[in-house]
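Single-structure report; data block below.
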Amino acid sequence: MNMAVAGEADAITIIADKSQITTVNATTDSDDDKVSSISQMDSDDDKVSGNNKYIHDDLSFYILSKLPIKSLKRFGCVRKSWSILFENPNFMTMFRKHFIISSNNDDDADDSGHTFLLIHHPEMDLYRAQLHLLPRDQSFKNTLKLNLPPPFHDDDVNINILCSTSVNGIFCLNQYYRGGDANKVRFVLWNPATNEFVVLPPSPDESEPRPPDLSSYHSFHGFGYDKVRDDIKVFQYVTLDYYDYNNCPPITFDPMFVIYSLRTNSWRIIDIDMPYWLCSNAYQGFEVYSDGMCHWVAKHHTGEKCLLSFDLSEEVFFITPMDENSDFSHSTRYHLVVLNGSIALISNHVSADTIFQISILGELRVRESWIKLFIIGPIPSFDWRPIGVGKEGYIFFRKKDDELAWVDLSTQIVEEIGVKGEEMNCNIGTYKESLLPIEGLNN
41 MNMAVAGEAD AITIIADKSQ ITTVNATTDS DDDKVSSISQ MDSDDDKVSG NNKYIHDDLS
101 FYILSKLPIK SLKRFGCVRK SWSILFENPN FMTMFRKHFI ISSNNDDDAD DSGHTFLLIH
161 HPEMDLYRAQ LHLLPRDQSF KNTLKLNLPP PFHDDDVNIN ILCSTSVNGI FCLNQYYRGG
221 DANKVRFVLW NPATNEFVVL PPSPDESEPR PPDLSSYHSF HGFGYDKVRD DIKVFQYVTL
281 DYYDYNNCPP ITFDPMFVIY SLRTNSWRII DIDMPYWLCS NAYQGFEVYS DGMCHWVAKH
341 HTGEKCLLSF DLSEEVFFIT PMDENSDFSH STRYHLVVLN GSIALISNHV SADTIFQISI
401 LGELRVRESW IKLFIIGPIP SFDWRPIGVG KEGYIFFRKK DDELAWVDLS TQIVEEIGVK
461 GEEMNCNIGT YKESLLPIEG LNN
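In our numbering, the protein residues as written are 41 to 483.
Okay, here's the thing in structure tokens:
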């Protein structure tokens with residue numbers, strides 16, 4: 041996960057060694073007032089060695105507020121006031137401000153980044169997919185409509201964009217077949233900037249002959265980049281059930297975890313234990329990709345919820361328990377997003393469906409690294425489910441009158457984008473343009 045602090049001109053290095061702290065070359069972004077090298081500070085009273093001077097809390101908090109959560113948790117052992125930073129309202133105000141500014145600065149400096157809107161418009165009994173790139177003001181006015189690749193020219197129904205993002209400029213589109221075998225899934229890798237596309241071959245559960253009453257179910261999907269092998273990968277979890285319609289009980293086969301490699305243009309089965317029931321749907325917001333890993337909201341058969349993460353290079357799973365203090369329960373609804381490079385959960389309770397909480401994760405597999413960062417609302421007009429995060433870090437929602445709108449985290453100002461979308465038929469995400477050929481990745 042990329043947890044680097046964006047937009048800093050100079051590095052901030054803090055080294056904790058028992059009772060000593062060394063701070064080297066720290067600068068502020070706003071006024072460029074440099075803090076000279078300070079060494080040998082006492083960790084109890086922050087005295088500078090040899091001088092009766094103090095590092096004021098506002099300065100140390102300013103520096104610390106620019107660091108990732110993982111670093112802040114590690115530095116909590118330096119002194120008591122640092123161990124309770126996330127309980128300090130002044131520090132949290134600084135941390136939120138820098139979190140938002142960092143996100144906006146990254147996006148503003150990169151003209152190749154876009155917010156995409158995938159929306160299905162009703163036509164007769166079908167919902168046809170349209171893909172648009174929103175302009176910088178995040179409105180539907182002057183939007184750029186993208187023509188889907190040829191495999192979908194004659195059939196543009198039931199199309200999803202896996203993980204709500206592009207990877208190296210490439211989208212992974214998937215579609216459940218409506219005709220013939222309804223259990224099959226079509227996957228297409230597509231680079232809109234070059235108009236190149238690759239239709240993936242059938243996965244093992246589709247290509248092998250099977251009894252007519254054997255049904256396959258694809259519980260979840262993933263898509264991302266293997267940084268070690270310079271490879272694009274797609275995967276899915278497949279369960280098989282055989283129904284005998286002569287009143288015999290169904291026969292259940294062992295599930296399969298199948299993964300596709302662009303380098304080999306083939307699928308393979310890998311043996312991985314799946315102890316959790318996976319909740320995954322592109323329009324429900326249970327799956328995301330970030331920095332070489334795919335993540336899902338998952339639930340054990342006992343009802344316990346967790347974050348399930350898959351490393352595309354090592355091909356292993358990690359489990360991060362939910363924060364016991366985050367009020368996740370059966371009455372809580374949640375949506376998984378990537379916010380400023382961080383895994384984030386947007387949640388709310390049925391009893392307070394106009395107020396949304398955003399928690400970000402500082403470190404995988406560490407329950408205590410979940411931090412409640414933002415409270416949005418109350419916004420009575422919003423439907424409870426977000427539809428994604430756009431280029432500026434804005435959170436997009438569907439209003440109760442079907443109008444799509446976004447909310448600015450820094451001001452909580454709500455702006456409609458000028459188009460309607462029905463529930464479960466619209467999705468917002470990010471797209472970063474790249475002219476790298478798809479086939480160039482596996483040469």
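Just so you know, even glycine gets a beta-carbon here, dropped at the ideal spot from N, CA and C.
Give the range of the alpha helix (DSSP H) segment to which residue i is assigned.
{"i": "F101", "result": "D97 to L104"}
To the nearest angstrom, how far is it from the Cα of residue i to the Cα of residue j?
{"i": "F350", "j": "R438", "result": "30 Å"}
{"i": "G417", "j": "N305", "result": "47 Å"}
{"i": "D69", "j": "I140", "result": "In this predicted model, D69 has a pLDDT of only 41, less than 50, meaning its place in the structure is not dependable; the value taken from the coordinates is given anyway. Going by the C-alpha atoms only, they are around 14 Å apart."}
{"i": "D442", "j": "S421", "result": "10 Å"}
{"i": "N231", "j": "K120", "result": "51 Å"}
{"i": "L476", "j": "F211", "result": "13 Å"}
{"i": "G461", "j": "L202", "result": "19 Å"}
{"i": "P297", "j": "V225", "result": "The sequence shown places Phe at residue 297, rather than the Pro named in the question. Whole-angstrom Cα-Cα distance: 15 Å."}
{"i": "I124", "j": "D270", "result": "41 Å"}
{"i": "L157", "j": "L99", "result": "41 Å"}
{"i": "L174", "j": "D195", "result": "24 Å"}
{"i": "K267", "j": "E354", "result": "10 Å"}
{"i": "T234", "j": "E127", "result": "49 Å"}
{"i": "D363", "j": "L186", "result": "40 Å"}
{"i": "T279", "j": "I272", "result": "24 Å"}
{"i": "A169", "j": "S204", "result": "15 Å"}
{"i": "T67", "j": "E163", "result": "Residue confidence for T67 is low, a pLDDT of 33 falling below 50, so the modelled location carries little weight; the figure read from the coordinates is stated next. So the two alpha carbons sit approximately 57 Å from each other."}
{"i": "N465", "j": "K412", "result": "29 Å"}
{"i": "Y102", "j": "E473", "result": "34 Å"}
{"i": "L449", "j": "N380", "result": "12 Å"}
{"i": "L112", "j": "L104", "result": "7 Å"}
{"i": "I419", "j": "L107", "result": "31 Å"}
{"i": "P426", "j": "W122", "result": "34 Å"}
{"i": "T470", "j": "D311", "result": "32 Å"}
Is the separation between the beta-carbon of residue i and that of residue j shorter than 8 Å?
{"i": "F516", "j": "I395", "result": "This structure cannot speak to residue 516, because the chain is shown only from 41 to 483."}
{"i": "V459", "j": "V378", "result": "no"}
{"i": "E262", "j": "E327", "result": "The sequence as given places Gly at residue 262; Glu does not occur at that position. A contact, by the Cβ cut-off of 8 Å."}
{"i": "Q178", "j": "E432", "result": "yes"}
{"i": "W307", "j": "H340", "result": "no"}
{"i": "W424", "j": "R373", "result": "yes"}
{"i": "F155", "j": "I468", "result": "With the sequence shown as reference, residue 155 is identified as Thr, and Phe is not the correct amino acid for it. Yes, the pair counts as a contact, with Cβ atoms nearer than the cut-off."}
{"i": "L404", "j": "F358", "result": "yes"}
{"i": "F180", "j": "I435", "result": "no"}
{"i": "I400", "j": "I383", "result": "yes"}
{"i": "Y329", "j": "V197", "result": "no"}
{"i": "L347", "j": "V337", "result": "yes"}
{"i": "V228", "j": "P191", "result": "yes"}
{"i": "Y265", "j": "L171", "result": "no"}
Would residue i be called buried (16 or more neighbouring beta carbons within 10 Å of its own) or exposed?
{"i": "D147", "result": "With a pLDDT of 46 at D147, under the threshold of 50, the predicted position of this residue should be treated as unreliable, and no value is reported."}
{"i": "R245", "result": "Looking at the sequence shown, residue 245 is not Arg but Asp. That one is buried."}
{"i": "C117", "result": "exposed"}
{"i": "A392", "result": "exposed"}
{"i": "L184", "result": "exposed"}
{"i": "Q215", "result": "buried"}
{"i": "G343", "result": "exposed"}
{"i": "M333", "result": "buried"}
{"i": "L166", "result": "exposed"}
{"i": "Q276", "result": "buried"}
{"i": "K137", "result": "exposed"}
{"i": "H375", "result": "buried"}
{"i": "E479", "result": "exposed"}
{"i": "T360", "result": "buried"}
{"i": "Y257", "result": "exposed"}
Specify, as a first and last residue, the run of the beta strand (DSSP E) that residue i falls within.
{"i": "S306", "result": "S306 to I310"}
{"i": "L112", "result": "No beta strand (DSSP E) holds L112; the alpha helix (DSSP H) holding it covers I109 to R114."}
{"i": "S330", "result": "E327 to S330"}
{"i": "V298", "result": "M296 to S301"}
{"i": "S399", "result": "F396 to L401"}
{"i": "L229", "result": "V225 to N231"}
{"i": "I359", "result": "V356 to P361"}
{"i": "D423", "result": "F422 to V429"}
{"i": "E236", "result": "E236 to V239"}
{"i": "N214", "result": "F211 to Y216"}
{"i": "A392", "result": "Segment: none, A392 is in no beta strand (DSSP E) and carries neither H nor E."}
{"i": "F437", "result": "I435 to K439"}
{"i": "G559", "result": "Coverage of the chain is limited to positions 41 through 483, which leaves residue 559 absent and any answer about it impossible."}
Taking DSSP's pairing of strands, which residues face residue i in a bridge?
{"i": "Y374", "result": "S387"}
{"i": "S206", "result": "Per DSSP, none; premise fails for S206."}
{"i": "N467", "result": "L158"}
{"i": "A169", "result": "H160"}
{"i": "K120", "result": "Answer is none; K120 lacks a bridge partner."}
{"i": "L186", "result": "L171"}
{"i": "D313", "result": "Per DSSP, none; premise fails for D313."}
{"i": "H34", "result": "Since the first residue shown for the chain is 41 and the last is 483, residue 34 is missing from the structure and cannot be characterised."}
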